[in-house]
Amino acid sequence: MLTKRLGSWLLECLPTGILWAVMVLVGGIIALQIGIHHGRALERADIIEETAALNAAIKGLEAEAQRLKTERTVAGIIECESGGNHEGTWGDNGRSYGWLQFKRTTFDEFAGRMGFSKADWKNKYDQVAVALWGIDNGYGPAWSCYEKAGARG
């Protein structure tokens with residue numbers, strides 16, 4: 002009842018121009034509130050989207066860091082096991098060969114597990130590919146130089 006009386010009083014007492022200004026102001030406030038609410042929803046959506054993108058980038062960087070660590074470890078093993086010499090480098094009384102001093106049985110086992118059926122035990126690049134897989138899959142201790150090569154960090 003009070004609201005009706007107040008509304009009637011406003012209509013009777015206020016000049017039409019002021020009434021219109023008040024209505025526009027009230028409408029603007031309502032529109033602003035709706036816009037702010039909608040804008041906040043958009044901001045939240047943007048934040049969620051940006052967070053997902055940042056998380057994906059972080060995972061990519063973590064994967065890249067792990068790849069680089071593995072490559073550094075393999076390089077350290079090569080230096081320790083063969084001094085960087087591949088051809089004609091035999092060790093362990095003729096049972097290990099090449100850059101990474103793979104025993105043929107170990108090389109064939111790792112290559113088979115990784116699905117590399119055409120891997121050549123005496124090919125230095127195949128040795129590196131198999132060693133990278135081996136280290137990434139927990140077989141680093143197969144090399145006596147694994148710890149010395151910096152595998153701890």
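Quick note on numbering: the sequence shown equals residues 2 to 154 in this note's numbering. Glycine is no exception: its CB is placed at the ideal position from the N, C-alpha and C atoms.
- Linking Asn56 to Gly92 through their CA atoms gives a straight-line distance of about 46 angstroms.
- Here Asp121 is exposed: its Cβ has fewer than 16 other Cβ atoms, across all protein chains shown, within 10 Å.
- In this structure, Thr90 sits near Gly99, with a CB-CB distance shorter than 7 angstroms.
- Counting along the chain, no alpha helix (DSSP H) covers Asp93, and no H or E run does either.
- If you ignore the 5 residues before and after Ile136, its C-beta comes within less than 7 angstroms of the C-beta of Thr71, Thr74, Val75, all in its own chain and listed in chain order.
- As a beta-bridge residue in DSSP terms, Phe103 pairs with Tyr98.
- In terms of Cα proximity to Val131, the closest of Ser145, Lys149, Gln102, Ala150 is Gln102.
- Straight across, the Cα-Cα distance linking Lys123 with Gly139 is about 23 angstroms.
- Secondary structure of Asn56 (DSSP, three-state): helix.
- Its Cα nearest to that of Ala143, the residue Glu82 stands out among Glu82, Lys119, Leu69.
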